[in-house]
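Residue numbers (my numbering), protein chains in the order written: chain A, 91 to 459; chain B, 1264 to 1638. Glycine is no exception: its CB is placed at the ideal position from the N, C-alpha and C atoms. Input: a single structure, listed below in structure tokens.
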């Protein structure tokens, strides 16, 4: 019989704790220990990651900055990565990705959230975040990170709330006593929109190798004025051709910087992270590609429910009633938007479970099947 | 026998189906925090009952503690299986996107692994409700529960098999997923069921391990009492689940269908079959919760993925729609439904049924339609 009893007590407190934990898991089957521990305190969970908000501050009118202490399963992150943050709103768990702004050294997380117009999660956090609030967290993900060893010259470019991952890189480099040259070039509408302005100025004063350049697009008075231009690169970081550049911000900024680096043959040295909201799907003809990541199959969206499209593509996903009642064909949609054929409801969020038989892709969709 | 499709005219079926769709849409649009709070509170109650029940069995030498412990543990298992497990695994809370409430991840406190059961119950039973030779819940491959099942001397034991199934219900549900009768008939190969079998061994091992090895062992000298206590809790849950589930589809006036009748069903016809093939049990609020709202079997079969706490609220409306279309709405108190099921089990032990055709009354709805046309 497959009873999971610890085979023998291993020496050491750690081994004993682990044996006790596996005994507890066996006793608390099938629900598992977290489902009981969370009833005492949501932060006691062992496997899941949660974070409790310990401090809240508002740097600008439309942002909120949270300090979060993660639960014990958190294993840390690399500067530039993002985490999935979940909150329950009207009974539904909503998840969004945010890049921590803090240094990767240290056990806490700092998140800065900009309240987007009609933003469900960002608006909720902006209005309701308070010390004691518990958030759902994921392990970190993302390839937008600094290499090891660190490059000697680093150019960090950000626009608006795109500051978050590159600020984390900057703070990490500072913590590590980085000896090379770092330029931090940030674009904001006005001085009032600059996040972490005072801290950036202070950091620049303390570290001779660091130069902070603030560019205002909608007013004068900054170090630079206006949107990105190639000439600005030569002005603020004349060595940018020998540097590694990390860029995060709105799409127009990304596009113009990419074009500049591309035209100089420097694309390899430019690393970017996009924070574009999912496109609002338009009604009408089927368009886009459907990708089944598990099998690696990709087809043009025919406008039929995903189950039929998968079968048309030669796949045989598990299914049952084919009318939305039995949930046999539920799979995780990793990206893109689908429309529920029964209710017409759109589901634009990433990493949600959908029923293939009644979900019609709207544009590009990626399914873990 | 009245054909399923003769009850209503095609136009009526369509209009009836539309009304059901509208009802569903209205409830789905209204789902929110209250529904999540309800199920999470219920889960908290179940977990508390379980911890208290297990705890009391450590004092099982004191008879009142043993009895209270078994009571709490029985209630915990009933809530876990009925109002929580059954309903969560139907996808009733998938819209919340909360992993603990996801139909794909939930696992319940019974021998049958969730994944096997989701196939045999959510898909097979709910798609082919009361269709002979398709709905494997009819008799669970053991009993003769319908006159359409050909009689065989084996069925003389019907009442005995039913009693044994009630006592060992969680084993019955577990083995049900192996589709033994299909393997015997040569419709399925044993090799096709490798995964199902592996899941059963894994899950049953864990379940039996905790109830009959680990918890008894932890209570030391009280091990036999704890063992007995856990077995009693499992038995209580088994009897209760059997009673509720058999009253949902097998009281006398509930109908069954042939495969031919249900070919190329429209959505409206599917709804119609769910109503004719299910029966409700009347009772109070606590009774409904303990039955997992399967006391509202009709509403559950119409809308298996709507949170069960909503069934009482829509039952009146469903009943009114049935009345409007001249459809039966089978309902009765538990003792009446139980008696009716017991009678059927005994009656069907003996030969009878299709071999003695009885004159069928003309369905009321078709007659009324004709009268209306004539008027």
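- Comparing alpha carbon positions, the residue from 1300/B, 1409/B, 1427/B, 1319/B closest to residue 1606/B is 1409/B.
- Neighbours of residue 410/A across chain B, judged by C-beta separation under 9 Å: 1381, 1382, 1385, 1386, 1387, 1389, 1390.
- For residue 178/A, the pairing in a beta bridge is given by DSSP as 183/A.
- Within the DSSP secondary-structure output, residue 276/A pairs in a beta bridge with 248/A, 304/A.
- In the DSSP annotation of this structure, residue 1369/B is not part of any alpha helix (DSSP H), being labelled neither H nor E.
- Chain A has no Cβ within less than 8 Å of the Cβ of residue 1340/B.
- One Cα belongs to residue 1472/B, the other to residue 114/A, and the distance between them is close to 13 Å.
- Residues of chain A with a Cβ closer than 9 Å to the Cβ of residue 1478/B are, in chain order, 117.
- Out of 436/A, 302/A, 120/A, 296/A, the CA that lies nearest to the CA of residue 327/A is found in 302/A.
- The three-state secondary structure of residue 146/A, taken from DSSP, is strand.
- Residue burial annotation: residue 357/A is exposed, with fewer than 16 other C-beta atoms found within 10 angstroms of its C-beta.
- If you ignore the 5 residues before and after residue 1315/B, its C-beta comes within less than 7 Å of the C-beta of 1335, all in its own chain and listed in chain order.
- The stretch 345-408 of chain A contains, as complete alpha helix (DSSP H) runs of 4+ residues, the segments 396-402 (chain order).
- Burial of residue 1564/B is indicated by the presence of at least 16 other C-beta atoms within 10 angstroms of its C-beta.
- The C-alpha of residue 1595/B is placed about 21 Å away from the C-alpha of residue 1567/B.
- Per DSSP, residue 451/A is one residue of the beta strand (DSSP E) stretching across 449-457.
- Proximity of residue 416/A to chain B, defined by a Cβ-Cβ separation below 8 Å, is satisfied.
- Residues of chain A whose Cβ lies closer than 9 Å to the Cβ of residue 1282/B do not exist, since the nearest Cβ in that chain is about 16 Å away.
- Sixteen is the threshold: when 16 or more other Cβ atoms of the shown chains lie within 10 Å of the Cβ of residue 1525/B, as they do, the residue is buried.
- Taking a 10 Å sphere around the C-beta of residue 347/A, we find 16 or more other C-beta atoms and assign the residue as buried.
- Within the model, the alpha-carbon separation for residue 448/A versus residue 336/A is close to 41 Å.
- With at least 16 other beta carbons inside 10 angstroms of its own, residue 1372/B counts as buried.
- Membership of residue 1493/B in the alpha helix (DSSP H) is indicated by the continuous run 1486-1512.
- If you draw a straight line from the Cα of residue 1420/B to the Cα of residue 407/A, it is about 41 Å long.
- Within chain B, no C-beta atom comes less than 7 Å from the C-beta of residue 225/A; the nearest is roughly 14 Å away.
- For residue 129/A, the nearest beta carbon of chain B is closer than 8 Å to its own beta carbon.
- Cβ atoms of residue 1445/B and residue 1374/B stay farther apart than 8 Å, at about 20 Å.
- If you compare the alpha carbons of 1281/B, 1480/B, 1380/B, 1507/B with that of residue 1603/B, the shortest gap goes to 1507/B.
- Residue 1562/B sits close to residue 1577/B, with the two beta carbons spaced by under 8 Å.
- Taking 8 Å as the CB threshold, residue 233/A stays off the interface with chain B.
- If the five residues before and after residue 376/A are omitted, its C-beta is found closer than 7 Å to the C-beta atoms of 391, 392, 393, all from its own chain and listed in chain order.
- Rounded to whole angstroms, the separation of the alpha carbons of residue 1356/B and residue 1570/B is 7 Å.
- For residue 1344/B, the secondary structure class from DSSP, reduced to helix, strand or coil, is helix.
- In terms of beta-carbon proximity, residue 182/A lines the interface with chain B, with at least one pair separated by less than 8 Å.
- For a Cβ distance threshold of 9 Å, residue set 1306, 1310, 1363 of chain B lies close to residue 125/A, ordered along the chain.
- The beta carbon of residue 1493/B is closer than 6 Å to those of 1474 in its chain, skipping five residues each way along the sequence.
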